[in-house]
Amino acid sequence: MTLRQQARFWLIFVVGFFFLIWLFSSILLPFVAGMAIAYFLDPLADKLEARGTSRVIATSIITVLFFLVFILVMLLVVPMIGSQLAGFLERFPGYVDTLRTNVAPYLQSVLDRVAPETLQSVSDAIKGQSANALKWVGNVLSEVLSGGLALLNFLSLLFITPVVSF
Numbered sequence: 295m296t297l298r299q300q301a302r303f304w305l306i307f308v309v310g311f312f313f314l315i316w317l318f319s320s321i322l323l324p325f326v327a328g329m330a331i332a333y334f335l336d337p338l339a340d341k342l343e344a345r346g347t348s349r350v351i352a353t354s355i356i357t358v359l360f361f362l363v364f365i366l367v368m369l370l371v372v373p374m375i376g377s378q379l380a381g382f383l384e385r386f387p388g389y390v391d392t393l394r395t396n397v398a399p400y401l402q403s404v405l406d407r408v409a410p411e412t413l414q415s416v417s418d419a420i421k422g423q424s425a426n427a428l429k430w431v432g433n434v435l436s437e438v439l440s441g442g443l444a445l446l447n448f449l450s451l452l453f454i455t456p457v458v459s460f
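In terms of our numbering, the sequence shown opens at residue 295 and continues consecutively.
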C-alpha cells in the first residue's frame with residue numbers, strides 16, 4: 295500500500311469509527327461505565343486472585359460490594375439533595391421579595407430617566423417575546439415527556455453495567 299492509500303484507509307476508518315460512536319451514543323453509557331468500573335477494580339481482583347480466590351468469585355464479590363456501596367451512597371445523598379432543594383424552594387419567595395425590595399428603588403430611578411417611548415418599545419418587545427416563551431415552555435414539556443426514555447436509559451445502566459464490569 296502506498297502512503298496515500300494508507301492515509302485514505304485511516305481517514306475512512308477514523309470517520310467511520312466516530313460515526314458509529316455518534317450513532318450508538320444513546321446506548322453506549324452502560325458499556326463505557328462497566329468498562330471504567332472494571333478497569334479501576336481490576337487491581338483489587340488481581341490481589342484477591344493472588345490470595346487463592348478464583349477470578350469469578352473475586353469479580354463477583356467486588357461487583358456486589360461496589361454496587362452495594364453505590365446504592366448506600368445514593369440512599370444517603372439523594373435525600374440530602376432533596377431536602378436541600380425543598381428548603382431552597384421554601385425560601386425562594388423570600389429571596390425574591392428581598393431582591394425586589396433592594397432593587398425596586400434603583401429600578402425606579404432608572405425608569406424615571408428613560409423616555410416613555412423607549413419604555414413602550416421595550417414593553418412591545420417583551421410582548422413579542424411571549425410567543426418565544428410559550429415555545430420554550432412547550433420544549434420543556436416535551437423534554438419532560440421524553441424523561442421516560444431517560445428512565446429507560448437509567449435502568450439499562452443499572453442492569454447492563456454490572457454485566458459488563460464482571
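Note that beta-carbon positions come from the ideal geometry of N, C-alpha and C, so glycine has one too. Everything numeric in this text was worked out from a predicted model, so none of it was measured.
- The C-beta distance from Ala332 to Ala352 rounds to 12 Å, too long to fall under 8 Å, and the pair is not in contact.
- In terms of Cβ geometry, Thr357 and Leu393 do not form a close pair [threshold 9 Å].
- Note on geometry: alpha-carbon atoms of Phe360 and Ala398 lie some 53 Å from one another.
- A residue is called buried once 16 or more other Cβ atoms fall within 10 Å of its Cβ, and Pro337, having fewer, is exposed.
- In the DSSP assignment, Ala380 falls within the unbroken alpha helix (DSSP H) covering 349 to 407.
- Here Met329 carries a helix assignment [DSSP, helix/strand/coil].
- Leu413 is a Cβ neighbour of Leu405, given a cutoff of 9 Å.
- The C-alpha of Ser415 lies about 52 Å from the C-alpha of Leu369.
- Pro324 counts as buried, since no fewer than 16 other beta carbons sit within 10 angstroms of its beta carbon.
- Our two residues, Met329 and Thr347, have alpha carbons roughly 22 Å apart in a direct line.
- Take the alpha-carbon of Arg385 and the one of Phe313: they are about 47 Å apart.
- When DSSP states are grouped into helix, strand and coil, Arg345 belongs to the coil group.
- Pairing Val309 with Val367, the inter-Cα distance amounts to about 40 Å.
- A distance below 9 Å separates the beta carbons of Met295 and Phe303.
- Rounded to the nearest whole angstrom, the C-alpha separation of Ile375 and Gln423 is 34 Å.
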